[in-house]
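What follows is a single structure, written as structure tokens, with notes after it.
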Amino acid sequence: MSFSHLGLSDKVIAAIDSAGYKTPTPIQDQAIPHVLARRDVLGIAQTGTGKTAAFVLPMLTMLEKGRARARMPRTLILEPTRELAAQVVEQFEKYGKNHKLNVALIIGGVSFGDQDTKLTRGVDVLIATPGRLLDHSERGRLLLSGVELLVIDEADRMLDMGFIPDIERIGKLVPFTRQTLFFTATMPPEIQRIADNFLHNPVRVEVSKPATAATTITQLQVATGRDPADKRETLRRLLRSADNFKNAIIFCNRKREVATLHKSLLRHKFNAVALHGDLDQSARTAALEAFRSGEAKLLIASDVAARGLDIPAVSHVFNFDVPHHPDDYIHRIGRTGRAGLTGTAITLVAPMDTKSVAAIEKLTGQPIPPMSGEPAARESRPQQASSQDQPAQAERSQAERPHADHNRGERHQARPPRQRHERQPERQAERQPERQERPPQQRPAAASASKPPHVHKPQADHDADSDGSHLPAFLLRPITVKA
Ligand code: AMP
Numbered sequence: 033m034s035f036s037h038l039g040l041s042d043k044v045i046a047a048i049d050s051a052g053y054k055t056p057t058p059i060q061d062q063a064i065p066h067v068l069a070r071r072d073v074l075g076i077a078q079t080g081t082g083k084t085a086a087f088v089l090p091m092l093t094m095l096e097k098g099r100a101r102a103r104m105p106r107t108l109i110l111e112p113t114r115e116l117a118a119q120v121v122e123q124f125e126k127y128g129k130n131h132k133l134n135v136a137l138i139i140g141g142v143s144f145g146d147q148d149t150k151l152t153r154g155v156d157v158l159i160a161t162p163g164r165l166l167d168h169s170e171r172g173r174l175l176l177s178g179v180e181l182l183v184i185d186e187a188d189r190m191l192d193m194g195f196i197p198d199i200e201r202i203g204k205l206v207p208f209t210r211q212t213l214f215f216t217a218t219m220p221p222e223i224q225r226i227a228d229n230f231l232h233n234p235v236r237v238e239v240s241k242p243a244t245a246a247t248t249i250t251q252l253q254v255a256t257g258r259d260p261a262d263k264r265e266t267l268r269r270l271l272r273s274a275d276n277f278k279n280a281i282i283f284c285n286r287k288r289e290v291a292t293l294h295k296s297l298l299r300h301k302f303n304a305v306a307l308h309g310d311l312d313q314s315a316r317t318a319a320l321e322a323f324r325s326g327e328a329k330l331l332i333a334s335d336v337a338a339r340g341l342d343i344p345a346v347s348h349v350f351n352f353d354v355p356h357h358p359d360d361y362i363h364r365i366g367r368t369g370r371a372g373l374t375g376t377a378i379t380l381v382a383p384m385d386t387k388s389v390a391a392i393e394k395l396t397g398q399p400i401p402p403m404s405g406e407p408a409a410r411e412s413r414p415q416q417a418s419s420q421d422q423p424a425q426a427e428r429s430q431a432e433r434p435h436a437d438h439n440r441g442e443r444h445q446a447r448p449p450r451q452r453h454e455r456q457p458e459r460q461a462e463r464q465p466e467r468q469e470r471p472p473q474q475r476p477a478a479a480s481a482s483k484p485p486h487v488h489k490p491q492a493d494h495d496a497d498s499d500g501s502h503l504p505a506f507l508l509r510p511i512t513v514k515a
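Residue numbers in the sequence shown follow the numbering used here, run continuously in steps of one, and reach 515 at the last position.
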């Protein structure tokens, strides 16, 4: 099966040829004809399935007719993170090399001025993160009333990051009659509700999720102490002794840990770069480039910062922290063993991580064996510790308890299981009053003095690229405080 039967234009087919792709992936095969027929599409697919090209290729074909007007983009693609947005731009450049289309990237962390200039020139494809897009719109510098096609990508990640209210606002700014393509890796009820709101009689296209990790990946676990210093020492030992090592991505659960580990590895003379949401855009881009080019051998990253990034040929993945969500484990280790290459994924397991490891093994249906020559991870002591252990146990559980637990009771009950572990005490402290994507002076009026005085609306844990330890959705609900 080739690309020729999908209805794509000759220019697009020529660009696919020169990219060297011979066969459409299942999501491309199933979605492209419907997109070209102007149907709404609900695509359930993860990154790595070729889903970006599934919307980029037909969009290029459709955009060959018509012209852009100043400040009125013809199409809009929403992405949860800046890196994903930048990656979509790259795909437009790759497949659109035979076209003369204006593609603009509107993301936080970079100056408004250049973006504004681009918008003035007229944009065929606008690729944006939600916060910055709304800022431009609220400044009156951008009109979304000419959008013919809207793509909402990684919708479930948008939900995780607290972007759904922004997406809903954007939905009111685009014409009712536009075509919508909606992509998500999972379909929790909240995403189903948004999909129902945004899509009109959609074609549902689902490609199977890689519920098990690729067989080309060797998965191993190594026991380590719970102390971060112990973990760093274990990691260094593993890095120095790794077989067939070329390069590695090292995942941490929190961006603070990413930064600490990065500094520590540099001190120990490792060639490492870091990627997390607190870095400015140029530092993030530079880090990715250094890793992609092979100049840096180690990339230390948080889940959200690294999600969906297309980094080929990684020999090793290390989980410095066991991910809280088993799904994230599959995403993480899927960074290696790509395209038939072999890879190794090594997870550091501290005593308190054994339950999370069991949940991962349940999801993948395969055990993660201990690395040979390494001790197996020991489970942390059960709750009913001996009496002399109790003070330490109490202290530990106090330290480990998510901050939100202060508000036990009905709010705790309402918390969906996926978000149970997310909030750690220090993350609460890191919380910022406003997402970085939006400079404070650009806040919508509704968020400032004109709001009813007794309603507090906690903000999402700042920018589009926070690291997965963001505020759970239930904390984002308005809380009415009695006067
Ligand atoms: P995505 O799921 O969009 O992140 O795409 C993952 C990777 O697959 C990217 O590196 C794409 O360039 C690549 N890709 C997309 N379509 C194809 C195809 N038909 N054949 C081979 N690789 C593809």
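Backbone N, C-alpha and C fix where the C-beta goes; we use that ideal spot for every residue, glycine too.
Check	Outcome
Collapsed DSSP secondary structure at Ser334 in the structure displayed	strand
CB of Gly375 within 8 Å of CB of Val354, strictly	no
Phe230 (DSSP reduced to helix, strand or coil)	helix
Beta-bridge pairing of Gln302 - partner residues as DSSP gives them	Checking the sequence shown, residue 302 turns out to be Phe, not Gln. According to DSSP, which records beta bridges pairwise, Phe302 is partnered with nothing at all.
DSSP three-state assignment for Thr20, whether helix, strand or coil	The shown model of the chain, from 33 to 515, leaves out residue 20, and the question about it has no answer.
C-alpha gap between Thr244 and Ile362, whole angstroms	Confidence at Thr244 is low in this model, with a pLDDT of 47, below 50, so its placement is unreliable and the value that follows should be read with caution. Going from the Cα of Thr244 to the Cα of Ile362 covers about 7 Å.
is_contact[Pro105, chain B] using C-beta, thresh 8 Å	Of the protein chains in this structure there is only one, and it is not chain B.
Neighbourhood of Val381 by C-beta, 8 Å cutoff - its chain only, sequence neighbours within 5 removed	Gln253, Val254, Ala255, Thr256, Val354, Val389 and Ala409
Expected contact under 8 Å - CB spacing of Ala86 and Gly98 to nearest Å	That pair is no contact at about 22 Å.
Simplified DSSP state of Leu110, which is helix, strand or coil	strand
For Thr218, three-class secondary structure by DSSP	coil
Given 8 Å, three or more beta-carbon pairs between the stretch 213-220 and the stretch 170-188	yes
The stretch 220-229 in contact with the stretch 255-270 per 3-pair CB rule at 8 Å	no
Residue burial classification, Glu289 (beta-carbon count within 10 angstroms, cutoff 16)	buried
Uninterrupted alpha helix (DSSP H) stretches inside the stretch 160-230 (no shorter than 4 residues)	162-170, 187-192, 196-205 and 221-230
Backbone secondary structure at Met521 - three-state DSSP	Nothing can be reported for residue 521, as the shown portion of the chain is limited to 33 through 515.
Any non-hydrogen atom of the ligand MN closer than 7 Å to Pro112 Cβ	Of the ligands this structure carries, namely the ligand AMP, none is the ligand MN.
Given 8 Å, three or more beta-carbon pairs between the stretch 113-127 and the stretch 55-67	no
Through-space distance from Leu330 to Asn279, alpha-carbon basis	6 Å
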